[in-house]
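Peer 1: Start counting the first sequence at 2; every next residue gets the next number (this note's numbering). Idealized CB from N, CA, C, for every residue including glycine. Just so it is clear, the structure is predicted and the values come from calculations on it, not from any experiment.
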Amino acid sequence: METEAYARDDPASHSYGGPRRRNATMFGPAGRLYVYRSYGVHWCANVVCGREGEGSAVLLRALEPTAGLDAMRARRGVEDPALLCSGPGRLTQALGIDAAYDGLRLDHPPFRLLAAPEPVAVATTTRIGITRASELPWRYVLEGSTFLSRRPRPAAR
DNA sequence: GTATTGATCTTCT
DNA sequence: GAAGATCAATACA
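#1: Does ARG140 pass the burial test, meaning 16 or more other C-beta atoms within 10 Å, or should it be called exposed?
#2: Are PRO65 and MET2 touching if we call contact CB-CB under 8 Å?
#3: In angstroms, rounded to a whole number, what distance separates the CA positions of ARG62 and LEU96?
#4: Per DSSP, what are the beta-bridge partners of TRP44 in this structure?
#5: Hey, would you say the C-beta of ASP108 is under 7 Å away from at least one heavy atom of the ligand ZN?
#6: Measure from the alpha carbon of PHE28 to the alpha carbon of each residue in GLY90, PRO110, THR147 and SER14, then state which is nearest.
#7: DSSP state of ALA31, grouped into three classes?
#8: How far does the beta strand (DSSP E) with THR126 in it reach, from first residue to last?
#9: According to the neighbour-count rule (16 or more other Cβ atoms, all chains shown, within 10 Å of its Cβ), is GLY88 buried or exposed?
#10: Which first and last residues belong to the alpha helix (DSSP H) in which LEU167 is found?
#11: In this structure, does DSSP put LEU143 in helix, strand or coil?
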């Protein structure tokens, strides 16, 4: 439901400044998962894209829980589906993703790659939660979704 | 309702 | 020793 793009020549990106130990996965081949520790508390998951050595990735900021709701609730300790995966740290906690998943291919188990069921309406906004280059319009959300990391409104009434 | 802060890890200076 | 692609609890209006 919500993603953010990070590029090589992007001051907010981990790949900014070239390959290092932590961001090695970002510079690997596309289609892998890049997992890192955020603020010492959360895990964040990215999909590596671009060519090998390019160092770009897409941060998964929110998704709509459609399966395994009970497992997600157990891991999160939250009931409301709208709060299960609405944020990068929440998302990884709900899915049980940690450093062990860093570098894994998304087209191999335990993951699966599926085609989008239908065209979706995507809105573009500025990025969130970063201190550098936050003005770049590289955040992409599903139009009208109620599962975003920052709600547009407390449900129209 | 908005604003502030603690938690606590990895990397970099 | 500081900063950071965050979250949730607490403080304040």
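Peer 2: Taking the structure as given:
#1: For this step, residue 140 is matched to residue 139 along the first sequence. Under this definition ARG140 is a buried residue.
#2: Residue numbering aside, residue 65 sits at position 64 when the first sequence is read from its first letter. Residue numbering aside, residue 2 sits at position 1 when the first sequence is read from its first letter. Residue 65 is actually Glu in this sequence, not Pro. In this structure, MET2 lies closer than 8 Å to GLU65 by Cβ.
#3: For this step, residue 62 is matched to residue 61 along the first sequence. For this step, residue 96 is matched to residue 95 along the first sequence. Whole-angstrom Cα-Cα distance: 13 Å.
#4: One-based indexing of the first sequence puts residue 44 at position 43. TRP44 is bridged to ARG38.
#5: The model depicted lacks the ligand ZN and carries no ligand whatsoever.
#6: Taking the first sequence and counting its residues from 1, the one referred to as residue 28 is at position 27. Nearest neighbour of PHE28 by Cα position, chosen from GLY90, PRO110, THR147 and SER14, turns out to be SER14.
#7: Here residue 31 refers to the residue found at position 30 of the first sequence. Coil at ALA31, not helix or strand.
#8: For the purposes of this step, residue 126 is taken as residue 125 along the first sequence, with counting starting at 1. First-last of the beta strand (DSSP E) with THR126: 123–126.
#9: Within the first sequence, numbered from 1, the residue matching residue 88 stands at position 87. Around the beta carbon of GLY88, 16 or more other beta carbons lie within 10 angstroms, which makes this residue buried.
#10: Residue 167 lies beyond the range of the chain shown here (2 to 158); nothing can be said about it.
#11: Sequence index remark: in the first sequence, residue 143 carries index 142 (1-based). Residue state, collapsed to three classes: strand.
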